[in-house]
Each structure stands twice: as structure tokens, then as C-alpha cells.
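Written below as C-alpha cells is the structure these notes are about.
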Amino acid sequence: MEIERKYLVSRDDSFRSMVSASYLISQGYMAVIGATVRIRLRREVACGQKLSPSALQTHGGVLSPSTEEGKGGEGTAYLTIKGKSHDGGLSRYEFERQIPIPDALEMLQLCEGGRIDKVRHIVNYEGHVWEIDEFYGDNEGLLMAEVELKEPDEPVVLPHFIGPEVTGNPFFYNKNMLTEPYPIWRHTLPKEYQ
């Protein structure tokens, strides 16, 4: 069972000094009734840095960091199946397994509606691991944080860069951002998070 909360992130970049690792993620989704099937390819990049568009290249239809931005190696790939959300989007069943990269690249070609491309920055704060997603491509400009919890009512100390909670808001589901990307609805957010 996955239990997580999602929040907007301050656009002042103050989180960057707290980042311990960063990963470029390209992911796609397969059509399944009653669940979400995600294919994800993850590669390490320069810690805490915003990648310039010129630093990102497409190889085999998948976004890749340039040699200067990347940390070397092919990365890792995962197949994830997620059930329907419960508790207002706070929890849901999750199954995840690492898969060979060539298989992930093949499966990404089968995904419908394109890909989500983002850099995930890891921040450890007050006993929790925060994942700050900085989106690129069709969702460029969106900064969102997730924190996984052991229990739905587990107390969590919010870092100074965390903004309004968006847990359960379907606009912020990665799969939905393929068909309704951030630029379409960014005007609905408070000005300081647009």
C-alpha cells in the first residue's frame, strides 16, 4: 500500500541547497481498466541542478541527459502497477519491480499519449524523504513534492519550500498530465506557484 501526500513547491529554488540526489525520469502509461500501469526509466543527473533544455537530448524516443549533465551508466527501469486511490487520493495499492532497460525502452514505445519527463530531487528532512519533481516537456514549469508515509495520519514536518497540499487533486496525477498538461490549468494555482 502506498500512502503519500503531494504539495506544490515554492518557485524560489530554495529546496536546491538541500538536495542529496537527482534523477531524470521518463515514464509512460499503458491503458488498463481499473489500474495504472507505468513504465519508468530513471538516470542520475547533477545533484540539485535545473537542467537546461540544451542539456536534454532524445535517444530512441526517450529523454536523456547530455554527457555533462549525466552521472554515467544506463540507469534503472521499473514496471509499476497502481490501484485506484482511496482516502481522498492519500493511499492506493502499489506493485513495483525493476525490469531490464531494453524491455523498458520497448514498453515505452507501447505507452499511449506520450511521456512524462521530470527531474526528481531527493531531500531528507525531519525524518522523511521528500521527492521534488521538476517537470519538463509539456508540463515544463511545474514543481511538485511528494512525501511517503507509513500511516495516513502520520505527522510530518513541512520544509520551508512546501506550499499548498494537492493530494487527491486529479490535475496533479502524472497520468492525467499527459492529456491535460500543466499550461492548460496553471492559471488556477496561486500566483507564487505558477
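Counting from 3, one number per residue, gives the positions in the sequence shown under the working numbering.
The beta-carbon is built from N, C-alpha and C at its ideal position, and this holds for glycine as well.
{"query": "For THR181, three-class secondary structure by DSSP", "result": "helix"}
{"query": "Cut-off 6 Å between Cβ atoms - residues of its own chain near ASN141, not counting five sequence neighbours on either side", "result": "MET179, PRO183 and TYR184"}
{"query": "Same chain, Cβ closer than 7 Å to VAL21, five either side skipped, listed in chain order", "result": "CYS49, GLY50, HIS123, ILE124 and VAL125"}
{"query": "Backbone CA spacing between GLU4 and VAL159 [nearest angstrom]", "result": "19 Å"}
{"query": "Proximity of ILE83 and ALA33 at Cβ, strictly below 8 Å", "result": "no"}
{"query": "MET146 vs PHE174 beta-carbon contact at 8 Å", "result": "yes"}
{"query": "Local conformation of LYS193 per DSSP, three classes", "result": "helix"}
{"query": "Residue range of the alpha helix (DSSP H) that includes ASP105", "result": "103-112"}
{"query": "Cut-off 7 Å between Cβ atoms - residues of its own chain near THR69, not counting five sequence neighbours on either side", "result": "Because THR69 carries a pLDDT of 45, less than 50, the predicted location of this residue cannot be relied on, and the following value inherits that uncertainty. Excluding positions up to five away in sequence, the list is empty."}
{"query": "Range of the contiguous beta strand (DSSP E) that encloses GLN1", "result": "Lying outside 3 to 196, the shown extent of the chain, residue 1 is not represented and no answer is given."}
{"query": "Whole-angstrom distance between LEU110 and ARG94, CA atom to CA atom", "result": "23 Å"}
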